[in-house]
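Accompanying notes for the structure given below.
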Amino acid sequence: MTTEKATHHQLLRKLAAIGPYLRGEVSDESEYFFDCLAVCASAKAAPEQREFWGWWMTLTMKNEETFEFHYTLGFYDAAGEWRSQEVPKKHQDEVVRTLREFYEKLNLCLDGLALKAVPSPALGESHLLSAA
Numbered sequence: 001m002t003t004e005k006a007t008h009h010q011l012l013r014k015l016a017a018i019g020p021y022l023r024g025e026v027s028d029e030s031e032y033f034f035d036c037l038a039v040c041a042s043a044k045a046a047p048e049q050r051e052f053w054g055w056w057m058t059l060t061m062k063n064e065e066t067f068e069f070h071y072t073l074g075f076y077d078a079a080g081e082w083r084s085q086e087v088p089k090k091h092q093d094e095v096v097r098t099l100r101e102f103y104e105k106l107n108l109c110l111d112g113l114a115l116k117a118v119p120s121p122a123l124g125e126s127h128l129l130s131a132a
């Protein structure tokens, strides 16, 4: 465990090591953006036109040792934009599985830096990553 505050560049490096989730180009020193294209909506489309079901998450700095996270499930369209949209039932398990796997990896990463993540109040008491 570290006793010194991690710099933005150190955090970027550690968070990027978790896997293909961090979008460094849209992250800054106070907020980090992650996403996951969990299920292809139509493999028949050309690769650059494919759309996906998945999730995105922001991790916002609350203080020197705590981040607040907020996630949304939805649809990644051919224009490269996320839309909050209900995931079809047949894809829900896979989308939720990838979110939970990422969250476990994120917590291990943050623990190693003496940091923690707490849910945004906007998620409510019983969200997909709650202890219950």
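Going by my numbering, the final residue of the sequence shown carries number 132, and the count climbs one at a time with no gaps.
We treat Cβ as the ideally placed atom computed from N, Cα and C, and that holds for glycine.
Small disclaimer: the values here were computed from a predicted structure and weren't measured.
Determine the burial state of residue i: buried for a count of at least 16 other Cβ atoms within 10 Å of its Cβ, exposed for fewer.
i: L145; result: Shown here, the chain extends from 1 to 132; a query on residue 145 therefore has no answer.
i: V87; result: buried
i: G124; result: exposed
i: L115; result: buried
i: S126; result: exposed
i: S42; result: exposed
i: A117; result: buried
i: M1; result: Bear in mind that the predicted position of M1 carries a pLDDT of just 39, short of 50, making it unreliable; the figure below should be weighed with that in mind. By the neighbour-count rule (16 or more Cβ atoms within 10 Å), M1 is not buried but exposed.
i: A132; result: Low confidence applies here, because A132 scores a pLDDT of 45, under 50, leaving its location unreliable; read the following figure in that light. When all chains shown are included, A132 counts as exposed.
i: G54; result: buried
i: A6; result: buried
i: D35; result: buried
Are the CB atoms of residue i and residue j nearer to each other than 8 angstroms?
i: G24; j: K105; result: no
i: V95; j: V39; result: yes
i: F102; j: Y21; result: yes
i: M57; j: S30; result: no
i: Q85; j: G74; result: yes
i: L37; j: S27; result: no
i: P119; j: F69; result: yes
If you follow the alpha helix (DSSP H) that residue i is part of, which residue opens it and which one closes it?
i: Y103; result: K89 to G112
In the DSSP assignment, the beta strand (DSSP E) including residue i goes from what residue to what residue?
i: H8; result: That residue, H8, is in no beta strand (DSSP E); its alpha helix (DSSP H) goes H8 to A16.
i: L59; result: F52 to N63
Assuming residue i and residue j are in contact, meaning their beta carbons sit under 8 angstroms apart, how far apart are those beta carbons, in whole angstroms?
i: K14; j: L113; result: 7 angstroms
i: Y76; j: F52; result: 4 angstroms
Starting from residue i, follow its DSSP beta bridges and name the residues at the other end.
i: A150; result: Limits of the chain in this structure are 1 at one end and 132 at the other, which puts residue 150 out of reach.
i: S84; result: G74
i: L37; result: G54
i: L22; result: F34
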